[in-house]
Amino acid sequence: MAFSLSSVPKRIHKTFSNLRTGVVLLILVGIASALGTFILQRPATDPDKLTRAYSPATLLWLDRIGLTDVFHTWWFLTLLGLVSLSIVLVSIDRFPNAWRFYARPYRKTDSHFRSALQNKVELPISNVEDGLNAAERALKKSGWPVERIDDRIEPSLYSERHRFSVMAVYIVHASLLLIFAGGIIDGVFGYSGFMALQKGEVSNKIELRTGGTKQIPFSVKCNGAGQENYADGSPKRWWSNLAVVENGRDTQTKEIVVNDPLIRNGLRFYQASFGPTGKLDGLKVAVTPNAGGEAREITLPMNQAVALAPNATVTLAEYIPDFFIRDNQIFKKSDDPVNPAFRLQVKNASGDTKLWMFPAYNGAAQGDNVGYKIEYRDMQMGYFTGLEVSHEPGQWLVWAGCLLMGAGLFVAFYMVHMRAWVTATQDARGNLVLWVGGQANKNRDRFEQKFDELVDNIRTELEGAEVVPLSAKKHKAELTLAGVK
Amino acid sequence: MATRARVVQMEQPAATGGNALLILVSLSMTFLLIVALLGAAKSGAALFSESNLLYAALIFYAGAGALYMGFGVTAVPRYVKFASIATTIGWVANTLAVAHRWYLSGRPPFASIYEMLLSFVWTVALLTLVAEKKFDVKIIGSITMPLAVVCVILMQLLPSEVRPLVPALQSTWLHVHVTLAMLAYAACAVSFAIAMMFLIQDGLKTETFLACTTATVSAIYLAIVGTRFDKGGLSVTAWDPTTKSDMFLGRGMRLFVTIPDLGWLFVIAALAAVVPLALYLIGKWKKDDSFFTVANRAVFIGILLQIVVLAAFALRVRGSSYPSPDQDGLFPTSLAASPFLLGGMVTGIFASLLYLMLLWRRADLEGLLPSSDTLDRVTYKTICIAFPLLTGMIATGAYWANRTWGSYWSWDPKETWAAITWLVYAGYLHMRITRGWRGRRAAYFAILGFGIVIFTFLGVTYLLPGLHAYA
């Protein structure tokens with residue numbers, strides 16, 4: 001065929017409606033996906049690791065070809081698009097035939113069909129009506145619905161089961177497209193991000209995976225979060241008590257755990273991580289007046305004055321998680337709260353006093369002007385809960401697609417379209433016979449057994465009909481044979 | 001082929017006698033069981049513990065595998081009878097091991113790679129029995145039983161203590177997802193075994209199997225030499241006996257130690273695998289069958305060498321300490337630190353033994369197998385079972401991921417490879433149903449599919465870690 005512009009769409013159609021093209025595309029998707037798992041991917045690995053793993057030149061080329069982010073490159077998406085196109089075109093190409101087959105079942109056999117069919121038997125009968133009746137009874141006994149096809153010359157029976165299974169493959173393909181559609185919708189309209197909240201914090205901003213932040217139409221407040229451990233110290237449960245805040249009011253609350261998110265307006269909040277903020281939430285101390293008296297436990301938040309007496313306050317002014325001393329100065333060594341130091345400020349009638357407290361050493365702070373002995377009891381570290389936030393409007397299509405695919409695969413693999421034909425006709429020698437034929441679109445060896453059983457049943461029924469007085473039968477047979485001729 | 005005819009003639013008298021292997025296998029099984037019993041009695045621990053039961057299962061599976069292979073060589077029907085009895089006993093022991101673990105942990109054994117393998121082996125053994133009883137594929141055990149043995153040996157090396165479930169795994173979907181995965185994988189394993197049977201029945205040339213076997217063994221040993229050979233020594237991961245885990249230099253960086261001189265032994269084993277492959281290629285190129293005869297002898301020598309290497313490896317690695325190139329001092333090693341080296345070596349030995357079974361098979365073995373048409377159809381049927389299960393596994397996995405990680409698909413390596421597996425089988429089904437692919441091409445596809453399943457199951461877990469870190 002000479003090349004002409006008008007043939008381009010035709011060629012494209014011809015190429016993509018070819019099943020081989022579809023399989024080649026599937027293989028390409030497979031290879032690209034495999035590459036995407038062997039080569040470190042940008043979204044999932046930190047940039048340092050990438051620069052360590054590959055030389056700058058290699059990395060440059062990998063980036064250029066998109067191999068460091070295979071699953072989001074234009075060519076991978078194009079490939080998926082072509083697969084979809086191929087599925088659609090292959091299905092469209094084959095659909096009309098299948099539909100014809102489905103909508104207009106082949107009910108009445110002709111001699112060509114009868115000679116070509118694999119599973120067939122000819123049973124001698126003496127009478128058309130009795131033969132067909134016997135066959136009908138046998139079919140019904142075996143659970144086959146029977147349809148009688150009146151024909152003056154060759155009256156016959158048609159029976160079939162699970163005809164819809166021939167359409168199952170289109171259901172499976174449609175379900176795959178549905179899943180793709182869901183994925184595309186999520187790719188375009190969906191977003192996902194992260195929100196880290198401390199206890200009491202309210203926020204309506206999420207940090208998007210793709211970078212930047214997004215404001216959501218309501219706020220989320222964290223009323224508490226925590227971790228429970230097993231006896232061996234491994235984490236058992238992470239939880240966060242969340243509230244949705246709209247117009248200053250809590251409109252929904254839920255304790256979320258891993259596997260059980262909070263859902264609001266199509267946005268899902270997942271328990272993703274949990275960890276220390278490194279900040280101090282509060283310092284618990286016991287305060288005993290120097291003058292004598294009961295010890296009293298108070299909790300000091302950062303930078304907030306707490307009353308000791310009507311005219312005296314104490315403030316936690318500084319917290320160093322891990323300190324060391326050099327030249328009589330206190331410095332921070334690390335962020336791990338292993339050797340903390342606290343600076344307290346006491347204000348009273350005699351003025352301001354600054355005190356240091358080192359729980360790892362003496363654990364008590366005392367000063368002449370303070371009037372109190374302040375002892376360390378406990379420190380409460382601040383925790384944040386990490387929430388994964390995602391908006392996936394297409395996911396319902398994906399789930400619908402999965403269910404449909406499950407149903408489609410079940411029908412396609414396990415429901416067999418079985419057909420049986422019974423025709424009263426004449427064999428090669430001109431004797432009156434009941435021709436019985438059957439066909440299945442899969443699982444043919446099992447069907448052969450079923451067919452043999454069916455034929456046996458018909459035989460038994462025919463023998464039962466044999467009880468009819470011979471003369472009457474002959475009479476009828478002559479009648480019908482006259483009709484045939 | 002002259003050699004094969006001669007070998008068959010030599011084997012024929014043994015076939016009529018037929019008891020030698022039976023006695024040998026039952027004696028060695030009894031011996032191993034008595035030794036294990038004595039050991040258990042001495043230690044005073046509970047007799048029917050999970051590890052003892054699993055050990056019993058291992059012995060019975062190995063015995064069954066030997067008998068199935070023996071059947072392939074001698075065609076004594078009694079071998080299959082006893083092999084399937086051994087498989088059944090092994091499966092019962094395996095079931096009890098699963099039950100014991102389930103009882104102790106209060107949840108199905110699905111949470112770690114060890115537990116997954118436990119369930120996988122159980123399903124494979126069950127399907128072997130089903131295939132044998134229902135479809136009359138008698139010899140399938142000669143492929144699935146070695147597979148089961150490799151898995152159980154691997155399990156001995158993996159951390160097996162019952163760990164509490166991490167938060168992400170506390171979901172009903174875990175059970176649904178993993179059950180589907182195990183059933184799908186086991187169905188794929190069976191389709192692989194039947195496809196192999198098909199290739200035998202279809203009269204695929206013994207030389208082709210020679211090429212595949214030696215290529216597999218060469219790949220295993222060249223991969224080991226390529227990654228672990230260190231100035232004549234072999235580098236293996238150091239093992240911390242107190243924490244029972246690999247030793248680490250830093251985050252994600254394992255500490256390697258070098259066992260001196262062992263590397264050369266692996267080089268020799270690799271050569272012993274490459275030589276028959278080269279001989280095959282030369283024979284193919286020169287169209288001279290005499291090269292194949294030499295290659296077959298080389299395979300035989302190769303097996304002996306592989307056993308020597310395995311023994312040397314086991315002896316030198318067990319409970320010794322070696323220096324590390326990265327850090328001063330001696331570090332302990334353990335077989336448990338190198339499950340994949342060991343798994344690869346055992347796989348190599350089994351692959352070679354399978355080849356020997358093929359080489360020495362009786363001329364009338366074909367008559368004992370179902371017809372190639374039946375095998376072809378049964379391969380297709382098992383894939384028809386496996387494919388919807390795979391689909392269900394991926395769909396439930398996606399739904400669960402959506403509840404846990406906030407996204408139903410994140411192109412995590414495990415997910416991606418599951419999708420690739422699915423694509424391969426989808427390709428197989430399309431080519432078979434609409435293009436009428438039958439016979440060899442379909443069988444090759446089924447074998448490729450199972451190779452990818454194994455990679456998805458084990459390879460991804462260890463080579464391409466991602467979100468799916470538990471198993």
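For the record, the sequence lines run as chains A and B. Heads up, the final residue of the first sequence is numbered 485 in the working numbering, and it's a clean run with no missing numbers. Heads up, the final residue of the second sequence is numbered 471 in the working numbering, and it's a clean run with no missing numbers. Every residue gets a Cβ at the ideal spot worked out from N, C-alpha and C, and that includes glycine.
Chain-order list of residues whose beta-carbon lies under 6 angstroms from that of residue i (same chain, five-residue window excluded)
{"i": "residue 479 (chain A)", "result": "Confidence is the limiting factor: at residue 479 (chain A) the pLDDT is only 40, short of 50, which leaves the residue's position unreliable and the question unanswerable from this model."}
{"i": "residue 279 (chain B)", "result": "291, 294 and 295"}
{"i": "residue 375 (chain B)", "result": "194, 197, 198 and 201"}
{"i": "residue 484 (chain A)", "result": "Unreliable positioning characterises residue 484 (chain A) in this predicted model, as indicated by a pLDDT of 39, which lies under 50. The coordinate reading is nonetheless provided below. Within the same chain, residue 484 (chain A) has no close Cβ partners at all."}
{"i": "residue 276 (chain B)", "result": "214, 295, 298 and 299"}
Simplified DSSP state of residue i, which is helix, strand or coil
{"i": "residue 399 (chain A)", "result": "helix"}
{"i": "residue 108 (chain B)", "result": "coil"}
{"i": "residue 177 (chain B)", "result": "helix"}
{"i": "residue 383 (chain A)", "result": "strand"}
{"i": "residue 155 (chain A)", "result": "coil"}
{"i": "residue 18 (chain A)", "result": "coil"}
{"i": "residue 162 (chain A)", "result": "coil"}
{"i": "residue 196 (chain B)", "result": "helix"}
{"i": "residue 425 (chain A)", "result": "strand"}
{"i": "residue 221 (chain A)", "result": "strand"}
{"i": "residue 146 (chain B)", "result": "helix"}
{"i": "residue 425 (chain B)", "result": "helix"}
{"i": "residue 100 (chain A)", "result": "helix"}
{"i": "residue 308 (chain B)", "result": "helix"}
{"i": "residue 190 (chain B)", "result": "helix"}
Close Cβ partners of residue i (< 8 angstroms) along its chain, the five nearest in sequence each way excluded
{"i": "residue 264 (chain A)", "result": "218, 244 and 252"}
{"i": "residue 391 (chain B)", "result": "422"}
{"i": "residue 454 (chain A)", "result": "138, 139, 142, 144, 420, 436 and 438"}
{"i": "residue 503 (chain B)", "result": "With chain B covering 1 to 471 only, the question about residue 503 (chain B) has no answer from this structure."}
Beta-carbon spacing of residue i, residue j below 9 angstroms
{"i": "residue 420 (chain A)", "j": "residue 115 (chain A)", "result": "no"}
{"i": "residue 157 (chain A)", "j": "residue 166 (chain A)", "result": "no"}
{"i": "residue 148 (chain B)", "j": "residue 203 (chain B)", "result": "no"}
{"i": "residue 408 (chain A)", "j": "residue 168 (chain A)", "result": "yes"}
{"i": "residue 345 (chain B)", "j": "residue 220 (chain B)", "result": "yes"}
{"i": "residue 161 (chain A)", "j": "residue 416 (chain A)", "result": "yes"}
{"i": "residue 373 (chain A)", "j": "residue 290 (chain A)", "result": "yes"}
{"i": "residue 462 (chain A)", "j": "residue 434 (chain A)", "result": "yes"}
{"i": "residue 118 (chain B)", "j": "residue 150 (chain B)", "result": "no"}
{"i": "residue 301 (chain A)", "j": "residue 316 (chain A)", "result": "yes"}
{"i": "residue 227 (chain B)", "j": "residue 254 (chain B)", "result": "no"}
{"i": "residue 209 (chain A)", "j": "residue 189 (chain A)", "result": "no"}
Cβ neighbours of residue i in the same chain (closer than 7 angstroms, five flanking residues each side left out)
{"i": "residue 458 (chain B)", "result": "none"}
{"i": "residue 47 (chain B)", "result": "40"}
{"i": "residue 281 (chain A)", "result": "380, 381 and 382"}
{"i": "residue 273 (chain A)", "result": "386"}
{"i": "residue 205 (chain B)", "result": "none"}
{"i": "residue 387 (chain B)", "result": "425 and 429"}
Contiguous alpha helix (DSSP H) assignments of at least 4 residues, all confined to the stretch 267-332 of chain A: none
Closer than 7 angstroms between beta carbons: that is the criterion. Which residues of the stretch 164-188 of chain B meet it against chain A? 164, 166, 167, 168, 170 and 171
Restricting to runs no shorter than 3 residues, where is the beta strand (DSSP E) found entirely within the stretch 324-376 of chain B? 330-332
Can you list, in chain order, the stretches of the beta strand (DSSP E) that have 3 or more residues and sit fully within the stretch 180-218 of chain A? 191-198 and 202-208
Output the residue ranges of the beta strand (DSSP E) runs that lie fully inside the stretch 239-282 of chain B and measure 3 residues or longer, sorted by chain position. 248-250 and 256-259
Determine which residues of the stretch 377-395 of chain A have a Cβ less than 8 angstroms from any Cβ of chain B, and write them out in chain order. 388, 389, 390, 392 and 395
The stretch 230-250 of chain A: which residues have C-beta closer than 8 angstroms to a C-beta of chain B, in chain order? 230, 232, 234, 235, 236, 237 and 238
Residues in the stretch 21-51 of chain A with C-beta within 8 angstroms of chain B's C-beta atoms, listed in sequence order? 22, 23, 26, 27, 29, 30, 33, 34, 36, 37, 38, 41 and 44
Which residues of the stretch 253-285 of chain A have a Cβ closer than 9 angstroms to any Cβ of chain B? Give them in chain order. 257, 258, 259, 260, 261, 268, 269, 270, 271 and 272
Quick one: which unbroken beta strand (DSSP E) runs of 3-plus residues sit fully inside the stretch 110-134 of chain A? Chain order, please. 119-124
Determine which residues of the stretch 377-401 of chain B have a Cβ less than 9 angstroms from any Cβ of chain A, and write them out in chain order. 377, 381, 384, 385, 387, 388, 391, 392, 394, 395, 396, 398, 399 and 400
Residues within the stretch 186-214 of chain A neighbouring chain B, beta-carbon criterion of under 8 angstroms: 192
What are the residues in the stretch 404-428 of chain A lying within 7 angstroms of chain B by C-beta distance? 405, 406, 409, 410 and 413
Given a limit of 8 angstroms on CB to CB distance, which residues of the stretch 105-118 of chain A reach chain B? none
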